[in-house]
Each structure stands twice: as structure tokens, then as C-alpha cells.
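In terms of my numbering, the sequence shown is numbered consecutively and its last residue is 248.
Each residue gets a CB set at the ideal place from its N, CA and C atoms; glycine is no exception.
Remember, it's a predicted structure, so these values are computed and weren't measured experimentally.
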Amino acid sequence: MFGLSAQLAIHAIRRVSGNRKTAKKDGKSVNKFTPTSVTYDARIFSFREKDWTVSLTTTGGRERFVLAIGNYQLGLLKGQNPKTATLCKRNDGSYYLNIQLESMPVEPPPSDRVLGCDLGRTDIAVTSDGDTFSGKQITQVRNHYAKLRANLQQKATKGTRSSRRRCRELLKRLSGS
């Protein structure tokens, strides 16, 4: 398909179908798909620590690139065997490679003290030491915005077209979209 290897074609299909699915869910139409990144997995991406290079499958075949990264990133990559990466295109036309690493979480040191936190609605947090943090102010703000949303939703169903449009805009702002 379009001169792509099988694995690149699979990733392209997955990206486009995911984009279409999201657009359909949001009720938007998609006229054209403009990709800004390519996802690489272990079949089409490899990392070599010996000379700090990565090998990527492209439409022209397998290409090897030297990593231009700082000492901090070199330290993170040292001894790792990354399996996935994302090649991203910036607005200025340059490319960068985002390499994902797998790391195991660090085990907490053993302790004879029990640590815990209870999250509730009346008291927003209660620690195992007995310290309580009141959730009264947070509850007041939540109730205020719930009341405001209910009022706007009621107004958005009746009134003039401009008032309904303004209510929809305010509701969108309140929901964080």
C-alpha cells in the first residue's frame, strides 16, 4: 500500500481509523488526514547502544540515524532496550524521535509505620496520623458549578438563537473542552 512495508501499512491504517473513529464520536467530519507522527514498534525500530544509533524502516528501506541527544538522555538510554518510538514532525519541518522506555517501579523501603490516606466528601483527606483536611470549601465550589451548569442547560433549551449559542459556549468552557 503506497510503497509502505506491511508493518508501516498496519500502523497507518490504525492511525487513520482511530482518527475517523474519534471524529465520528465527536460529531465532526474529516475531509483529509494529515499525520504529524509515525509510531514504530520492535519490528520496524531498533536501538544500538554501541554507536548510539537507531534503525527505522522508511518507505525507502531501512535507515540508520545517529542520535543527537544530551548526557541526561544518554544516561537514561544506557543499558536499556527500547521497543517502541514515535517519529514526530515539528511545524518548522524538522523531525525528532520520542523513544519510550519500560521501567519497573521502585519498591518503597520497608517501614514499621502505616501510611494511608482516606479520600472522602466531607473531609477531603484524612491521614493515618489522624490529620483531617476539610472539604467544605471544595464542596461549596462543586455545588456552585453544578447549579450553574443546571441553570445554563435549562436556558440552552429555550430562548433566542443567540442566547442558546452563548449558553452552549459557556457550558463548553465549564466542562473544560
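query	result
For T155, which residues of its own chain have a beta-carbon under 6 Å away from its beta-carbon, when the five flanking residues on both sides are left out?	D112, Q171
Hey, out of A94, S165, T210, whose CA is closest to D194's CA?	T210
Nearest-angstrom Cα distance between G230 and R213?	27 Å
Measuring CB to CB, does F118 end up less than 8 Å from L127?	no
First and last residue of the beta strand (DSSP E) that includes Q39?	Since the first residue of the chain shown is 72 and the last is 248, residue 39 is not available in this structure.
Helix, strand or coil: how does DSSP classify G131 here?	coil
Would you report the Cα separation of D48 and E178, rounded to the nearest angstrom?	Beyond the ends of the chain as shown, which are 72 and 248, falls residue 48; an answer cannot be given.
From R161 to V109, what distance separates their C-alpha atoms?	12 Å
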